[in-house]
Each structure stands twice: as structure tokens, then as C-alpha cells.
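One structure below.
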Amino acid sequence: MNKLIGLYIHIPFCRRKCVYCDFYSLAGKDDIIDEYVKAVAKNIRLAGGTFDTVYFGGGTPSLLSGRQISDILSAADIAEGAEISAEINPDSADPDKLRDFKAAGINRISIGIQSLDDSELAFLGRLHNSAQAKNAILSSRKAGFDNISADLMLGLPYQRTETVVENIARLSELGVRHISAYMLKIEGGTPLSENQELISHIADEEFSADMYLEAVNCLERNGYKQYEISNFAKEGYECRHNMKYWRCEDYLGIGPSAHSCMDGKRFAVPKDIWGFINSEKQEEVITDDAPCGISERLMLALRLSEGFLLSRAGEYADRLRAAAVPMEKHGLLKINGNRIILTPTGFLVSNEIICRLSEVLEER
Ligand code: SF4
């Protein structure tokens with residue numbers, strides 16, 4: 182049987198750039214979407230492989246039509262029972278579009294909700310309001326989607342913890358099965374990074390930490406189990422595609438800025454849409470030719486609630502366990518039999534914990 186791999190397809194088009202966003206996407210280029218779709222399908226055919234997860238990310242995949250989604254999926258050998266996700270934005274996902282996506286084979290929808298508070302959505306420069314966000318969820322359900330995810334942002338200017346808690350409860354009532362809750366990051370070169378007025382109203386570290394912990398508690402109360410630092414799901418609705426990233430499994434990325442980890446190499450496609458459309462085959466620049474060593478596996482596994490399996494650490498297992506004991510005493514992690522698992526408080530300082538534990542791997 183062929184090895185089953187994940188397929189990420191980058192859709193680098195947006196209606197307008199949001200003020201905080203540094204993803205590779207272009208606004209106002211809808212006229213080249215058809216050409217782009219052809220180039221994506223061609224590259225999928227050239228790469229070959231059998232996929233048990235497919236993820237349309239962006240950018241804004243909901244700017245594609247159902248037919249374009251179908252053209253791309255037809256180019257791929259997709260295993261039976263595959264998870265096929267598409268990110269959508271509430272302002273470009275009307276009921277007809279959602280029905281077309283379902284008919285094309287999408288079975289998981291990830292909605293860029295970000296907030297259900299209109300003033301927060303306005304700071305972020307989003308094109309939708311909270312009513313459209315709720316309608317996108319309801320329309321997804323009407324179109325037949327059960328596996329619905331929503332993105333939420335934490336640590337926004339002027340944000341109150343109460344708003345976050347209300348948003349989570351509302352998403353649960355609306356039937357959302359999975360929530361990705363990310364802290365806002367100020368990325369250099371974005372309009373937000375130059376808006377000192379807004380930045381001055383972003384929560385400080387202590388308040389952000391409290392907000393994150395309160396959000397984790399509220400998500401748990403509403404039945405969303407934390408399975409990764411920023412990801413929470415009702416039973417059985419964890420994102421299978423994203424799990425591949427954290428478990429160091431193979432995935433192929435198609436499109437400018439897409440990353441891959443395949444056959445013991447990591448590579449990335451340059452952020453150049455015209456180069457991608459016009460070349461025979463997408464350019465792939467090696468970023469790491471020996472990925473998924475112990476330290477990388479440790480770093481990725483500690484993001485997950487399943488944690489890091491000490492038996493994978495070979496000769497380092499005893500020393501890792503010894504280094505973890507004092508952190509367990511401080512409530513930052515648990516040593517559960519053969520696993521090291523970070524607590525929610527530990528997730529907040531995961532970089533420091535990973536650094537400490539990685540030092541053990543460097544000792545001779
Ligand atoms: S819609 Fe998403 S990808 Fe597009 S600009 Fe906004 S945050 Fe970035």
C-alpha cells in the first residue's frame with residue numbers, strides 16, 4: 182500500500198489584506214485564479230502520492246468556485262475517508278458556495294471568524310461583521326457540514342476576557358466542533374506594526390497569560406478538549422491534517438510560500454505567484470535536509486496534549502526525565518508514565534521549557 186501523506190494547497194488570494202497579516206496573499210488578483218488553479222492541478226499530478234488529508238489554506242480559499250476546488254481535487258489521488266478541509270472567510274462564503282464546496286468533496290470547513298465582536302473585527306481590518314460570521318456557521322451546517330472549525334484571536338487591542346468567554350460559548354451553541362485560539366502577534370512590515378495607538382491598547386504579557394488560561398478553562402467547560410497549544414476540539418474532531426505537522430509525518434505543500442516535509446527533507450516554494458504559474462514544476466528550496474531529529478520531535482510533540490514519548494529519546498530518556506522533574510514540581514508539566522506533557526501554564530512558557538529540555542540533548 183502507498184504511504185499516505187498530507188496535501189496542503191495554498192490559495193494566495195484575498196479580497197483585502199487584514200492589518201495584522203503577513204501571510205503570502207495578494208488582494209485584487211481574482212482574474213488570475215483560473216490560471217493558478219491549473220498550475221496547482223498540474224503540480225499535484227507531477228508530484229504523485231496518495232493523500233489521506235487535504236487542506237486548502239490561504240489566503241482565502243473561499244474565493245475559489247466549487248468547480249475550481251473540484252478541478253484541484255480531481256488531480257489528486259485521495260484515499261477513502263480522507264479529511265478534506267477548506268478555510269473560508271465569512272464575507273466570501275454564501276450558502277451556494279458552501280453547497281458547491283460540499284459537492285466538490287470538502288468535508289471540513291475552517292472559518293476565519295476571529296471574533297464575534299464587531300469592534301474587534303473592525304480593528305483587525307476584517308471584511309465581515311459578527312452577523313456574517315454567525316451566518317457562515319449556520320450556512321455551513323445547512324450545506325451539510327458537521328466538521329466545522331472556527332479561528333479565534335486572543336490578545337486584541339481593548340479586548341476583554343469576558344468577550345472571549347462569550348465568543349466561545351456562542352460558538353459552541355452554534356455547533357462549532359473545533360476552535361483554534363491564537364494570540365495576536367505583531368508582525369513587522371504589517372500596517373498594525375506601525376499603528377502605535379492600537380498597539381498601546383494590546384494586553385500586556387500578564388493580562389494575555391490570564392486571558393489564555395481563562396480561554397482554556399472556558400473551552401474545556403464547553404466540551405473542547407485541548408489537543409495542542411492553540412487547538413481545541415470536541416471528541417473526535419481534532420484536525421488530522423495539522424496533527425501531521427506536529428507528529429513529523431510527511432506532507433506536501435503546493436503553491437507559493439507552501440512548506441513540505443517529505444522523504445526526510447523540508448522544502449519551501451518561493452513567494453512568487455508568477456514564478457509558480459509560469460514554471461513547468463514548482464521550485465522547491467530545501468530548508469532542512471535532516472528534519473525530525475530528536476530535538477525537533479521534542480519541540481513539536483510538546484505542543485501537543487499527548488506530549489513527548491520518552492521512549493523515543495533513546496539514550497537521552499533518563500536525562501530528559503530528570504530535567505523535567507523540577508518543572509513538574511512547578512506545575513509546568515506532568516510526567517505521565519513514559520510521557521512528558523505540558524500543562525496549560527506550561528504551554529504559556531513552552532519555548533523556555535523546550536529550550537531547557539533541548540539542552541539535555543546537547544550534553545555529551
Ligand atoms: S483574510 Fe486571512 S490571509 Fe487574507 S489578509 Fe486576512 S488574515 Fe491574511
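With positions in the sequence shown counted from 1, the corresponding number in the working numbering is that position plus 181.
The C-beta atom is built at its ideal place from N, Cα and C for all residues, glycine as well.
Just so you know, these numbers come straight off a predicted model, no measurement behind them.
Beta-carbon proximity list for residue i, same chain, < 7 Å, skipping 5 on both sides
| i | result |
| --- | --- |
| L514 | A505, M508, I521, I522, L523, T524, G527, I534 |
| R351 | L297 |
Same chain, Cβ closer than 8 Å to residue i, five either side skipped, listed in chain order
| i | result |
| --- | --- |
| N376 | V200 |
| K415 | R358, H359, G404, Y405, K406 |
| V218 | L245, Q249, D252, I253 |
| L394 | P525, T526, L529 |
| L490 | A482, N519, R520 |
| I475 | R493, A494, G495, Y497, L542 |
Whole-angstrom distance between residue j and residue i, CA atom to CA atom
| i | j | result |
| --- | --- | --- |
| R428 | D275 | 35 Å |
| L333 | E461 | 38 Å |
| G262 | H422 | 13 Å |
| I292 | F237 | 12 Å |
| E354 | L529 | 28 Å |
| A284 | I435 | 23 Å |
| D244 | F194 | One detail in the question is off: residue 244 reads as Leu in this sequence, not Asp. Roughly 7 Å separates the two Cα atoms. |
| W455 | V235 | 24 Å |
| L227 | F448 | 16 Å |
| N183 | L433 | 15 Å |
| I213 | L207 | 11 Å |
For residue i, three-class secondary structure by DSSP
| i | result |
| --- | --- |
| S330 | strand |
| W524 | Per the sequence shown, the amino acid found at residue 524 is Thr instead of Trp. Three-state result, T524: coil. |
| I214 | helix |
| T342 | helix |
| G247 | helix |
| K283 | helix |
| N517 | strand |
| A274 | coil |
| Y550 | Outside the shown range of the chain (182 to 545) lies residue 550, about which nothing can therefore be said. |
| L302 | helix |
| L501 | helix |
| G434 | strand |
| L297 | coil |
| C195 | strand |
| H309 | coil |
| F459 | The residue asked about is misnamed: residue 459 is Asn in this sequence, not Phe. Three-state result, N459: helix. |
| R537 | helix |
| I380 | helix |
| E375 | helix |
Beta bridge counterpart(s) of residue i as assigned by DSSP
| i | result |
| --- | --- |
| E264 | T234 |
| N412 | S361, E409 |
| S291 | E268, S330 |
| D258 | T231 |
| C399 | DSSP, once it has assigned bridges, lists no residue as partnering C399. |
| D469 | R447 |
| H440 | A449 |
| G239 | I192 |
| A208 | C195 |
| F489 | I521 |
| L335 | M364 |
Beta-carbon proximity list for residue i, same chain, < 6 Å, skipping 5 on both sides
| i | result |
| --- | --- |
| S486 | Q407, Y408 |
| H382 | P338, Y339 |
| F326 | I290 |
| A331 | I292, I294, L352, V357, I360 |
Proximity test, residue i beta-carbon vs ligand 3 heavy atom, cut-off 7 Å
| i | result |
| --- | --- |
| S320 | In the structure shown, ligand 3 is absent; the only ligands present are ligand 1. |
Practice problem: Taking 8 Å as the threshold, find out whether the region 283 to 298 comes into contact with the region 346 to 361 through three or more Cβ pairs. | Solution: yes
Quiz item: If we count Cβ pairs, one from each stretch, closer than 8 Å, do we get three or more for the region 224 to 240 versus the region 252 to 270?
Solution: Yes: the two stretches touch, three or more of their Cβ pairs being nearer than 8 Å.
Self-check item: Contact the region 482 to 500 vs the region 455 to 472: 3+ CB pairs below 8 Å
Solution: Here the region 482 to 500 makes no contact with the region 455 to 472; the two share fewer than three CB pairs at distances below 8 Å.
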